[in-house]
Amino acid sequence: MTRDNPVLLFIDDAALLSSIEFALSVVGIKAAAGSDLSDPAAAVAFVVDLDCAQGLERLAELRRKCATPAILLATNPTRALRASAAELNAILIEKPLLEDELMQTLNLILQSQKAAS
362 MTRDNPVLLF
372 IDDAALLSSI
382 EFALSVVGIK
392 AAAGSDLSDP
402 AAAVAFVVDL
412 DCAQGLERLA
422 ELRRKCATPA
432 ILLATNPTRA
442 LRASAAELNA
452 ILIEKPLLED
462 ELMQTLNLIL
472 QSQKAAS
């Protein structure tokens, strides 16, 4: 997995999806709306807002198939959500997104994958 592989975005909010796709494209990271959890990807972003269970189910499904790095985006996450994200080995980033935490996290993931290959 390299910077050439797309970052898969499983985001139901069209405005947030569009803004994250744009932000990634500006720094040269390919992004694609996620549909298949078995796609080779550098990272996977999930949004857990209205339906935490659905986001966690997607993440659990991903973990059954592969160890692709995962980022879980959530507004005001509960302790239970934080614990579930940790159990599923996902990086939790709280919304609203402040400064460049998402980009820094993606860059760390991509750099570690590049070093490992």
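In the numbering used here, the protein residues as written are 362 to 478. The C-beta atom is built at its ideal place from N, Cα and C for all residues, glycine as well.
Query: Check whether K456 and A477 have beta carbons under 8 Å apart; Result: no
Query: Continuous beta strand (DSSP E) stretch holding T436: start and end; Result: A431 to T436
Query: Simplified DSSP assignment, three categories, for L469; Result: helix
Query: Beta-carbon proximity list for T363, same chain, < 6 Å, skipping 5 on both sides; Result: Note that T363 scores a pLDDT of 49, beneath 50, so its modelled location is shaky; the value from the coordinates is reported in the next line. Result list for T363: empty, nothing under 6 Å.
Query: Where G395 falls: helix, strand or coil (DSSP); Result: coil
Query: Secondary structure of L459, DSSP reduced to three states; Result: coil
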